[in-house]
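>
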Amino acid sequence: MADITVVGGINIDIEGSPFGKLKYHDSNPGRVHLAFGGVGRNITENVARLGGDVAMVSVVGDDRMGQEAKNELETIGVDISCIRTLKNRNSAMYLSILDDRKDMEVALCDMDIIQAITPEFLEENKDFIAGSGIIALDGNLSEELLCCAVEMFKGIPIFFDPVSGAKAVKAKNCLGGFESIKPNMIEAGILTGISIYSDDDVRRAADRLLEKGVKRVFITLNKEGVYYRDAASEGFIRPADNLRIVSATGAGDSFSATVLLGSIQGINIEDTARMGMAAASIAMESGRAVNTEMNMQELLRRLNTNV
Ligand SMILES: Nc1ncnc2c1ncn2[C@@H]1O[C@H](COP(=O)(O)OP(=O)(O)OP(=O)(O)O)[C@@H](O)[C@H]1O
Ligand SMILES: [Mg+2]
1 MADITVVGGI NIDIEGSPFG KLKYHDSNPG RVHLAFGGVG RNITENVARL GGDVAMVSVV
61 GDDRMGQEAK NELETIGVDI SCIRTLKNRN SAMYLSILDD RKDMEVALCD MDIIQAITPE
121 FLEENKDFIA GSGIIALDGN LSEELLCCAV EMFKGIPIFF DPVSGAKAVK AKNCLGGFES
181 IKPNMIEAGI LTGISIYSDD DVRRAADRLL EKGVKRVFIT LNKEGVYYRD AASEGFIRPA
241 DNLRIVSATG AGDSFSATVL LGSIQGINIE DTARMGMAAA SIAMESGRAV NTEMNMQELL
301 RRLNTNV
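Position one of the sequence shown corresponds to residue 1 (the working numbering), numbered consecutively onward.
1) Among Ile113, Asp200 and Ala278, whose alpha-carbon lies nearest the alpha-carbon of Lys87?
2) Taking 7 Å as the limit between beta carbons, can you name the residues of its chain near Val78, skipping five residues before and five after?
3) List the residues that DSSP assigns as beta-bridge partners of Tyr227.
4) So what does DSSP say about Cys174, is it helix, strand or coil?
5) Please list, in chain order, all residues of the same chain as Gly235 whose beta carbon is under 7 Å from its beta carbon, the five residues on each side excluded.
6) Considering only DSSP beta bridges, list what Glu15 is partnered with.
7) Are there three or more Cβ pairs, one per stretch, closer than 8 Å when the stretch 67-77 is compared with the stretch 14-26?
8) Can you give, in chain order, each stretch of the beta strand (DSSP E) that sits fully within the stretch 72-119 and has at least 3 residues?
9) When the Cα atoms are used, what is the spatial distance from Glu308 to Ala283?
10) Would you check whether ligand 2 has a heavy atom nearer than 7 Å to the C-beta of Asn140?
11) Buried or exposed: which applies to Asn140, given that a residue is buried once 16 or more other Cβ atoms fall within 10 Å of its Cβ?
12) Between the stretch 208-221 and the stretch 175-190, do three or more beta carbon pairs fall short of 8 Å?
13) Just to confirm the assignment, what range does the beta strand (DSSP E) spanning Ser132 have?
14) Excluding five sequence neighbours on each side, which residues of the same chain lie with their C-beta closer than 6 Å to the C-beta of Ile97?
15) Look up Met1 in the DSSP assignment and say whether it is helix, strand or coil.
16) The alpha helix (DSSP H) with Phe255 in it runs from where to where?
17) Which same chain residues, not among the five before or five after Met65, have their C-beta less than 6 Å away from its C-beta?
18) For Leu50, I'd like the list of residues in its chain whose CB is within less than 8 Å of its CB, leaving aside the five on either flank, ordered along the chain.
19) In this structure, what does DSSP give as the bridge partners for Ser180?
20) What is the DSSP secondary structure of Met56, counted as helix, strand or coil?
21) Would you kindly work out how many angstroms separate the C-alpha atoms of Lys170 and Val39, rounded to a whole number?
22) Just mark Glu195 as buried or exposed, buried being the case when its beta carbon has 16 or more other beta carbons within 10 Å.
23) Taking Gly225 as the reference, which of Ile190, Gly193 and Met185 has the closest Cα?
See the structure below:
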């Protein structure tokens, strides 16, 4: 049992970038990079690196990379006792080829294995999960699973990270069951039906989420920062202008990790949002989705010095 349990996806991300212009039907010289991903996994890794007590509930295939992904999580202190290895299956993989400007040219997504996180699988791990102070769900999970989790764990706060606009749709019918949520602008638009172009639109989207029953809302706004809202307070926090950004990918996942930690530590919503921004600033200094340099000491240093 752990303070925080994350139920979600573990991916193996394989990314190829050519040295020159891509030539089709040919073999292109380039660099191939392999990393562990999946929003649930990334959130889990960030929580662990920030010193949180965290377990992950997920599935991997019986391939080498799946075992490696599990081992790596265990090494950084994650409880992996509820990550099941499925025989004769391959782990979720995301294979992308970039063009010479580092934009994605084509990608192939093999994530069927996530369907093996079924209500029955949740039921088998029910006591373990129910022992947590907060449960995180990611948008990779099926609609059925999201609704089932909300029913099964009534009374325990549930946090939801929608992952993407396309995946956010699945949560529309069980939104009210989430205690906290961290959509980005696009995801908030899909969840609420409000197209977001202005600060007022952001406020209206947060209103809508509160009306549905969500208690704490964090809408991350990319370079515009974040909007936080609960019954007692609300506000925008803008990023500092001296950020060192190598890659913004994964900034949102580190933000979600601090929402979980803030909840466990009883931190108010504004201070939690500030922690999220500080975590995002660390995440963006790395070219990888999760910065291996993520740690609580550095996060607190940035909070106290406002950088
Ligand atoms: N270009 C940027 N400049 C400054 N801060 C940024 C930028 N992009 C992201 N951030 C910071 O990261 C936080 C989360 O980013 P974002 O809104 O992009 O989430 P996201 O789309 O869920 O990210 P991802 O899914 O890639 O992890 C923002 O609240 C902001 O503090
Ligand atoms: Mg995100």
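For glycine and all other residues, C-beta sits at the position ideal for the given N, C-alpha and C. Just so we're clear, the structure is a prediction, and the values are computed from it rather than from any experiment.
A quick look at the data gives this:
1) Check the Cα spacing between Lys87 and each of Ile113, Asp200 and Ala278: the tightest is with Ile113.
2) Close CB contacts of Val78 within its chain, under the 7 Å cut and outside five residues either way in sequence, are with Thr44, Ala48, Val54, Ala55 and Met56 (chain order).
3) According to DSSP, Tyr227 bridges with Ile219 and Phe236.
4) Three-state DSSP puts Cys174 in coil, outside helix and strand.
5) Tyr228 and Glu270.
6) Per DSSP, the beta-bridge partners of Glu15 are His33 and Ser96.
7) With the cut-off at 8 Å, the stretch 67-77 and the stretch 14-26 do not touch.
8) Segments of the beta strand (DSSP E) lying fully in the stretch 72-119: 79-86, 92-98 and 104-110.
9) Residue 308 is absent from the model: the chain starts at 1 and stops at 307.
10) Judged by the Cβ position, Asn140 fails to qualify as a neighbour of ligand 2 at the 7 Å threshold, every heavy atom of the ligand being at least this far.
11) Result: buried.
12) The stretch 208-221 vs the stretch 175-190: in contact.
13) No beta strand (DSSP E) contains Ser132, which DSSP labels as neither H nor E.
14) So the list reads Gly16, Glu105 and Val106, once near-sequence residues are dropped.
15) Shown here, Met1 sits in coil according to DSSP, grouped into three states, outside any helix or strand.
16) Where Phe255 is concerned, the enclosing alpha helix (DSSP H) stretches over Ala251 to Ile264.
17) Contacts found: Ile12 and Ser91.
18) Around Leu50: Ala257, Thr258, Leu261, Ala279, Met294, Asn295, Met296 and Leu299.
19) Within the DSSP bridge table, the entry for Ser180 names Phe159 and Arg216 as partners.
20) The answer is strand: DSSP assigns Met56 an E or B state.
21) Roughly 16 Å between the two C-alpha positions.
22) According to the sequence displayed, residue 195 carries Ser and not Glu. Counting every other CB atom within 10 Å of its CB across the protein chains shown gives Ser195 a total below 16, marking it as exposed.
23) When C-alpha distances from Gly225 are compared across Ile190, Gly193 and Met185, the shortest belongs to Met185.
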